[in-house]
Amino acid sequence: MTIAEPSTAALVTAHPMLPEIWRIANVRRDTSDTFTLQFNTAEHAGGFEFAPGQFNMLYAFGCGEVPISISGDPTKPNTLIHTIREVGPVTKALGALKRGDTIGVRGPYGTHWPVVESAGSDIVLVAGGIGLAPLRPALYQVLANRRDYGQVVLLYGTRTPADILFLKEVEEWRARFDLQVLVTVDRGDQDWLGTVGVVTRLIPLAQFDAGNAVAMVCGPEVMMRFTVNELVDRGMSKDQIYISMERNMKCGIGLCGHCQFGSSFICKDGPVFRYDAIGPLLPIREL
Amino acid sequence: MESLERFLREHPFCRDLDENHLQLMVGCASNLRVDAGQFFFREGDPANELYLIRSGRVSVEFFAPGRGPISILTLGDGDPLGWSWLMPPYRWKFDARALNVTRALVLDGKCLRGKCEQDYKLGYDLMRKSVAIVEQRLEAARMQLLNLYGTHAEVR
Chain A
0 MTIAEPSTAA
10 LVTAHPMLPE
20 IWRIANVRRD
30 TSDTFTLQFN
40 TAEHAGGFEF
50 APGQFNMLYA
60 FGCGEVPISI
70 SGDPTKPNTL
80 IHTIREVGPV
90 TKALGALKRG
100 DTIGVRGPYG
110 THWPVVESAG
120 SDIVLVAGGI
130 GLAPLRPALY
140 QVLANRRDYG
150 QVVLLYGTRT
160 PADILFLKEV
170 EEWRARFDLQ
180 VLVTVDRGDQ
190 DWLGTVGVVT
200 RLIPLAQFDA
210 GNAVAMVCGP
220 EVMMRFTVNE
230 LVDRGMSKDQ
240 IYISMERNMK
250 CGIGLCGHCQ
260 FGSSFICKDG
270 PVFRYDAIGP
280 LLPIREL
Chain B
847 MESLERFLRE
857 HPFCRDLDEN
867 HLQLMVGCAS
877 NLRVDAGQFF
887 FREGDPANEL
897 YLIRSGRVSV
907 EFFAPGRGPI
917 SILTLGDGDP
927 LGWSWLMPPY
937 RWKFDARALN
947 VTRALVLDGK
957 CLRGKCEQDY
967 KLGYDLMRKS
977 VAIVEQRLEA
987 ARMQLLNLYG
997 THAEVR
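Chains as they are written, first to last, in this note's numbering: chain A, 0 to 286; chain B, 847 to 1002.
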């Protein structure tokens, strides 16, 4: 009699805190403080399926675990990609890794952007800084099914021209006839001929029908609040707007309570929330 | 004159202005074209103009020795440029440089101030519109000051 080895998926289901070992296939430095890790799915049967907006818990061995959104293409489950900004010891440890090194991965976790559900609508993606990384999978999915949507707009704000994430891709997106891409920076230099100013100033310039649009917003919380106000001024209602929330997550599965926000756990009930559900809680400083 | 009046009437800054006030403003207005790289004004110059951009792009910037021009804001079609004409000492605090060929209406600040003194309702309307622009730009400047996208920003 032979006893079958339990599958990895079964193990993860049985032990949700058990990370799976993934090997880094490629490391790319995006900006001075941001890098992208690409993982080899060859060692993982079935690849890695996820929905845009979901995140993984990434474990830098001997250092710690952090929640990081998936920045790759959900229509290509043969790749797993994370884009990470170095802000603390774990992300710095991840940034020091090289091709062939391994990390622990748990996930995918959390809610997703309503890309499929928004078919037939105009799509407005508003990203601030590293917030473009969690929105990129949504854009990939929209572009893979471009005929299902009306106007598609990407509005992106970042610090300086040198901080523009995925620069080559942003330029390719801008060259498309079926996508409006507007980029602004907080500070320009001599060589920058583009827009300077906050990302909210791009909203009046965006081409979409406010009555038939879905907005997905990701960036620092202050930026998201101001962006939502501007979208509402433009004529959108709060139930047409989704934001991605960030809090201190530990378990990633709604057990530990670190990311509790009102009656929700950001890791399990979020990170993507419809604004009318989460917005009233944002001004509460104790949360 | 007719086209000046039309341009003024169609400019977003002048939306909702009384007809007789528009007529008063036309008397202070002229057309301007600024080529790419040329300056509307430079820091320290006397500020006696309100520019209403019709088309093009303008960078509002500082010049820092060793760093060159640092752009803090770009303006484009339909934006007003400059409010230093409103208040003493009537001096520009920044440079304004055209990024590409830019067409604008220029309203003579001294002329406008004179008309505002004669007609307080015009003065109030212009001040109200100017304060709304100042409020928007102050809010934007405060957000830029926060350096929201800096390395203290959340991990994503």
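By construction, the Cβ of each residue, glycine as well, lies at the ideal position given by its N, Cα and C atoms.
Cβ-based burial, residue i [other Cβ within 10 Å; buried from 16]
i        : result
A:PHE256 : Note that residue 256 of chain A corresponds to Gly in the displayed sequence, not to Phe. It is exposed - the Cβ of A:GLY256 has fewer than 16 other Cβ atoms within 10 Å.
A:ILE202 : buried
A:THR74  : exposed
B:THR948 : buried
B:ASP864 : exposed
B:LYS967 : exposed
B:TYR970 : exposed
A:PHE165 : buried
A:ASP232 : exposed
A:GLY109 : buried
A:SER31  : exposed
B:MET933 : exposed
A:GLN143 : Here residue 143 of chain A is Ala; the residue named in the question, Gln, does not match the sequence. With fewer than 16 other Cβ atoms within 10 Å, it is exposed.
A:PHE176 : exposed
B:ARG988 : exposed
B:ASP881 : exposed
A:ILE265 : buried
A:HIS43  : buried
B:SER849 : exposed
A:MET16  : exposed
Chain-order list of residues whose beta-carbon lies under 6 Å from that of residue i (same chain, five-residue window excluded)
i        : result
A:TRP172 : LEU178, VAL180
A:MET222 : GLY127
CB contact check: residue i to chain A, cutoff 7 Å
i         : result
B:MET973  : no
B:THR948  : no
B:GLN990  : yes
B:PRO934  : no
B:ALA882  : no
B:ILE916  : yes
B:LEU919  : yes
B:TYR897  : no
B:ALA986  : yes
B:LEU927  : no
B:ARG1002 : Since pLDDT at B:ARG1002 reaches only 46, below the 50 mark, its modelled position is unreliable, and no value is offered.
Selected residue, minimal CA-CA separation from residue i, among the options
i        : options                                : result
B:LYS975 : B:PRO911, B:LEU850, B:ASP862           : B:ASP862
B:ASP923 : B:PHE885, B:GLY890, B:SER905           : B:SER905
B:ASP891 : B:GLY928, B:LEU919, B:LEU968, B:GLU851 : B:GLY928
B:LEU972 : B:ARG937, B:PRO926, B:ALA987           : B:PRO926
A:ILE80  : A:GLY71, A:TRP191, A:GLY156, A:GLY87   : A:GLY71
B:GLY912 : A:LEU142, A:TRP112, A:GLN189, A:PRO66  : A:GLN189
A:ARG224 : A:GLU48, A:ARG186, A:MET244, A:TRP21   : A:MET244
B:PHE908 : B:LEU919, B:LYS961, B:GLU895           : B:LEU919
B:ALA950 : B:ARG903, B:LEU992, B:GLY960           : B:ARG903
B:LEU945 : B:HIS857, B:GLY883, B:PHE859, B:LEU850 : B:GLY883
A:ALA50  : A:MET16, A:LYS249, A:VAL114            : A:VAL114
A:LEU153 : A:ALA205, A:SER117, A:ALA118, A:VAL197 : A:ALA205
A:VAL197 : B:ALA986, B:LEU991, B:LEU992           : B:ALA986
A:ARG135 : A:GLN53, A:ILE283, A:PRO88             : A:GLN53
B:ASP954 : B:SER849, B:LEU878, B:PRO858           : B:LEU878
A:ARG98  : A:GLU48, A:ASP162, A:ARG27, A:GLY251   : A:ARG27
Beta-carbon contacts of residue i that lie in its chain and below 8 Å, excluding the five residues immediately before and after
i        : result
B:ALA999 : Model confidence at B:ALA999 stands at a pLDDT of 45, short of 50, so the residue's coordinates are unreliable; what they give is reported in the following sentence. Taken in chain order, the list of residues that qualify is empty.
B:THR930 : Note that residue 930 of chain B is Ser in the sequence shown, not Thr. The answer, listed in chain order, is ALA893, TYR936, ARG937, TRP938, LYS939.
A:GLY193 : PRO160, VAL182, THR183, VAL184, GLY187
A:ASP121 : TYR148, GLY149, GLN150, VAL151, VAL152, PHE207, ASP208, ASN211, ALA212, VAL213
Other residues of its chain near residue i: CB distance less than 7 Å, five sequence neighbours each side excluded
i        : result
A:GLY261 : LEU280, LEU286
A:ALA92  : ALA59, CYS62
A:THR199 : PHE225, THR226, GLU229
B:LEU859 : Residue identity check: residue 859 of chain B is Phe in the sequence provided, not Leu. Within the same chain, B:PHE859 has close Cβ partners LEU898, PRO926, LYS975.
Min CB distance residue i to chain B below 7 Å
i        : result
A:GLN189 : yes
A:GLY106 : no
A:PRO219 : yes
A:LEU124 : no
A:ASP177 : no
A:GLY196 : yes
A:THR157 : yes
A:GLY284 : The sequence as given places Arg at residue 284 of chain A; Gly does not occur at that position. So no, A:ARG284 is outside the interface.
A:GLY128 : yes
A:LEU192 : yes
A:MET235 : no
A:MET248 : no
A:ASP185 : yes
A:MET215 : no
A:MET222 : yes
beta-carbon residue i near the ligand ADP non-hydrogen atom, thresh 6 Å
i        : result
B:PHE885 : This structure lacks the ligand ADP, and indeed carries no ligand of any kind.
Whole alpha helix (DSSP H) runs in the segment 216 to 277 of chain A with 4 or more residues, listed along the chain? 220 to 232, 265 to 268, 274 to 277
What are the start and end residues of each continuous alpha helix (DSSP H) run of 4 or more residues lying completely inside the segment 894 to 959 of chain B, in chain order? none
Scan the segment 0 to 75 of chain A and note each continuous alpha helix (DSSP H) run of 4 residues or more that stays entirely inside, going in chain order. 7 to 13
What are the complete alpha helix (DSSP H) segments, minimum 4 residues, inside the segment 149 to 174 of chain A? 166 to 173
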